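Input: a single structure, listed below in structure tokens.
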Amino acid sequence: MSPSSNIPKPKLACEIAADRVLAGRLTDRGESLEAFATRELEPGSVVPDLLENNLRQTGAVRAGIEAALGSLAGRSKDVIAVVPDAAVRVMLVEFDTLPSDHEDALGVVRFRLKKSLPFDVEKAKISFHAQKVNDEVRVVAAVGLASVIEDYEAAFRAAGFSPGVVLPSMLAALGAADGKRPTLVVKVDAHTTSIAILNDDQLQLFRTLENPRGVTITGEQLAEDVYPSVVFFQDTYHLNIERIYVAGLPESGGTAAALQTHTGAEVQELVASSQLGVGASPSVPRWRMAGVVGALVS
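Numbering of the sequence shown is given in the numbering used here, commencing with residue 47 and proceeding in unit increments.
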């Protein structure tokens, strides 16, 4: 959700989730986090939504950002802000060609998205990445209602930080995935299940599904939700999923078995222990850190 620039990427990332704020700082080598922390939020403080105000208790969210980042930031104030997937629509759009000038290309993308959004595209913030695929241009666009995104940005500024980059959690998390071969990434949170398929380091499918079960979803239920996307990918590209990454679940044992049964692919956690380093707060669960880790190590 940020304009393209040559400014170095921040070494801090902070995710605002429905129930907590999570933050991390990248090592100088850029391969893992050297510290991370989390602060829980009172229920109802954040209500992720595409259309409505998400931050219902702005003071509590600001305090959570201050507490989580305060122990990590040092003198740095630049941060990658990670927001809930339910607050942003991510879309894959194909074009025959796209103007080389960024502003002209943005106008074309904005016009194309006009009929696909439940709000006025002129009131949206749009960030996009174009990738050449054969003779076409595939655009990955992240679209959020400006008022929703600006509320998150304002919370970071009120806490004394500069959110130069804003990413939805799943797009951020993909930075931790190796997508050279056909790879399925599944990320669960309190409200959604996000599904992405990568191949040749390109995003080839992205879906966000409503998930009323939250993180209590069973492995079999998750496999059933994911399977139609796997079949679509296989039928479209004539490739089989070879690896599956899972994030957002407190235990992936049953999930791994169910996904492997449905796809035959190897299943592993998206965030590796080696990517977390020592950490400022050992109690932070690794399965919750995908957005922060992916935003930083990508």
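A virtual CB, placed ideally from N, CA and C, is assigned to each residue, including glycine. Since this is a predicted model, take the numbers as computed values, not measurements.
Compute the Euclidean distance between the alpha carbons of Thr-309 and Glu-168, then round it to the nearest angstrom. Position 263 of the sequence shown holds residue 309. Position 122 of the sequence shown holds residue 168. Roughly 41 angstroms between the two C-alpha positions.
Determine the DSSP secondary structure at Pro-49, reduced to helix, strand or coil. Within the sequence shown, numbered from 1, the residue matching residue 49 stands at position 3. Note that Pro-49 has pLDDT 45, beneath the 50 cutoff, so the model's placement of it is unreliable and the number below is only indicative. Coil.
Are Ala-64 and Asp-95 close, meaning C-beta to C-beta below 8 angstroms? For the purposes of this step, residue 64 is taken as residue 18 along the sequence shown, with counting starting at 1. For the purposes of this step, residue 95 is taken as residue 49 along the sequence shown, with counting starting at 1. Not a contact, by the Cβ cut-off of 8 angstroms.
Continuous alpha helix (DSSP H) stretch holding Glu-80: start and end: By 1-based counting over the sequence shown, the position of residue 80 is 34. Counting along the chain, Glu-80 falls outside any alpha helix (DSSP H), though it belongs to the beta strand (DSSP E) covering 79–86.
N-terminal and C-terminal residue of the alpha helix (DSSP H) that Thr-94 is part of: Here residue 94 refers to the residue found at position 48 of the sequence shown. Contrary to the premise, residue 94 reads as Pro rather than Thr in this sequence. Note, Pro-94: premise wrong, no alpha helix (DSSP H); not H, not E.
Contact the region 216–230 vs the region 140–160: 3+ CB pairs below 8 angstroms: no
Please state if the CB of Gly-265 and the CB of Ala-303 are separated by a distance shorter than 8 angstroms. By 1-based counting over the sequence shown, the position of residue 303 is 257. By 1-based counting over the sequence shown, the position of residue 265 is 219. Cβ atoms of Ala-303 and Gly-265: closer than 8 angstroms.
Starting from the Cα of Leu-316, find the closest Cα among Ser-193, Ala-83, Lys-57, Leu-217 and give me that residue. Residue mapping note: residue 316 aligns to position 270 of the sequence shown, counting from 1. When only C-alpha atoms are compared, the closest one is Leu-217.
Tell me Gln-177's beta-bridge partners as DSSP assigns them. As a first step, residue 177 must be located in the sequence shown, where it is residue number 131. Arg-184.
Boundaries of the alpha helix (DSSP H) in which Gly-274 is found, first to last residue: Here the question's residue 274 lines up with position 228 in the sequence shown. Reading off the sequence shown, one finds Pro at residue 274, where the question assumed Gly. Pro-274 -> alpha helix (DSSP H) spans 265–283.
Tell me whether Ala-341 sits in a helix, a strand or coil according to DSSP, three-state version. On the sequence shown, residue 341 is found 295 positions in, with the first residue counted as 1. DSSP places Ala-341 in helix when its eight states are reduced to three.
Could you tell me the distance, in whole angstroms, from the CA atom of Arg-184 to the CA atom of Leu-249? The sequence position of residue 184 within the sequence shown is 138, counting from 1. The sequence position of residue 249 within the sequence shown is 203, counting from 1. Rounded to the nearest angstrom, the two C-alpha atoms are 9 angstroms apart.
Counting along the chain, where does the beta strand (DSSP E) carrying Ala-59 start and finish? Looking up residue 59 in the sequence shown gives position 13. Per DSSP, Ala-59 belongs to the beta strand (DSSP E) from 58–62.
Rounded to whole angstroms, what is the Cα-Cα separation between Thr-239 and Gly-90? As a first step, residue 239 is located in the sequence shown; it is residue number 193 there, counting from the start. As a first step, residue 90 is located in the sequence shown; it is residue number 44 there, counting from the start. Cα to Cα, the separation comes out at about 20 angstroms.
Presumed contact (8 angstroms Cβ cut-off) between Val-155 and Ile-172, rounded CB distance: If you number the sequence shown from 1, residue 155 lands on position 109. If you number the sequence shown from 1, residue 172 lands on position 126. Yes, they are in contact, since the Cβ atoms of Val-155 and Ile-172 sit about 6 angstroms apart, within 8 angstroms.
Nearest CA to the CA of Leu-255: which residue from Asp-246, Tyr-273, Asp-247, Val-339? Mapped onto the sequence shown, residue 255 falls at position 209. Checking every option, the nearest Cα to that of Leu-255 belongs to Tyr-273.
Check whether Leu-159 and Val-189 have beta carbons under 8 angstroms apart: Numbered from its first residue, the sequence shown carries residue 159 at position 113. Numbered from its first residue, the sequence shown carries residue 189 at position 143. Taking 8 angstroms as the Cβ cut-off, Leu-159 and Val-189 qualify as a contacting pair.
Short of 8 angstroms in beta carbon distance, which residues of its chain neighbour His-306, apart from the five on each side in sequence? Order them along the chain. Indexing the sequence shown from 1 puts residue 306 at position 260. The question names His, yet the displayed sequence has Gln at residue 306. Excluding residues within five positions, the ones whose Cβ falls inside 8 angstroms are Ile-290, Glu-312, Val-313.
Quick check on the DSSP output: what are the complete alpha helix (DSSP H) runs of length 4 or more inside the region 189–247, in order along the chain? 192–204, 215–219
Taking 8 angstroms as the threshold (C-beta atoms), are Gly-221 and Val-330 in contact? By 1-based counting over the sequence shown, the position of residue 330 is 284. By 1-based counting over the sequence shown, the position of residue 221 is 175. No, Cβ-Cβ distance for Val-330 and Gly-221 is not below 8 angstroms.
Do Ile-126 and Phe-202 have their beta-carbon atoms positioned less than 8 angstroms apart in this structure? For the purposes of this step, residue 202 is taken as residue 156 along the sequence shown, with counting starting at 1. For the purposes of this step, residue 126 is taken as residue 80 along the sequence shown, with counting starting at 1. It is not a contact, given that the beta carbons lie outside the stated cut-off.
Report yes if the CB atom of Val-179 is closer than 8 angstroms to the CB atom of Ile-195, and no otherwise. Position 133 of the sequence shown holds residue 179. Position 149 of the sequence shown holds residue 195. Cβ distance not < 8 angstroms, so Val-179 and Ile-195 don't count as in contact.
Starting from the N-terminal side, write out each stretch of the alpha helix (DSSP H) that is 4 residues or longer and does not extend beyond the region 98–143. 104–116
Own chain residues within Cβ distance below 6 angstroms of Val-339, not counting five before or after: As a first step, residue 339 must be located in the sequence shown, where it is residue number 293. Result list for Val-339: Ala-222, Val-317, Gln-321, in chain order.
Just to confirm, is the Cβ distance from Val-234 to Gly-294 under 8 angstroms? Numbered from 1 along the sequence shown, position 188 holds the residue referred to as residue 234. Numbered from 1 along the sequence shown, position 248 holds the residue referred to as residue 294. Yes, they are a contact pair.
Using the C-alpha atoms, what's the distance from Leu-268 back to Thr-301? What you label residue 301 is simply residue 255 of the sequence shown in a count that begins at 1. What you label residue 268 is simply residue 222 of the sequence shown in a count that begins at 1. Rounded to whole angstroms, Thr-301 to Leu-268 spans 7 angstroms at the Cα level.
Is it buried or exposed for Phe-157, if we count other Cβ within 10 angstroms and need 16 for buried? As a working note, residue 157 is residue 111 in the sequence shown. Label assigned to Phe-157: exposed.
Do you know how far the Cα of Asp-181 is from the Cα of Leu-101? Here residue 101 corresponds to residue number 55 of the sequence shown, with the count starting at 1. Here residue 181 corresponds to residue number 135 of the sequence shown, with the count starting at 1. Going from the Cα of Leu-101 to the Cα of Asp-181 covers about 43 angstroms.
Which of the three DSSP states, helix, strand or coil, is assigned to Val-67? The residue labelled residue 67 in the question sits at position 21 within the sequence shown. In this structure, Val-67 counts as strand in the three-state DSSP scheme.
To the nearest angstrom, how far is the alpha carbon of Ser-162 from that of Gly-120? For the purposes of this step, residue 162 is taken as the residue at position 116 of the sequence shown. For the purposes of this step, residue 120 is taken as the residue at position 74 of the sequence shown. Cα-Cα distance, rounded: 42 angstroms.
Integer Cβ distance of Ala-341 from Ala-69, believed to fall under 8 angstroms: Sequence index remark: in the sequence shown, residue 341 carries index 295 (1-based). Sequence index remark: in the sequence shown, residue 69 carries index 23 (1-based). That pair is no contact at about 11 angstroms.
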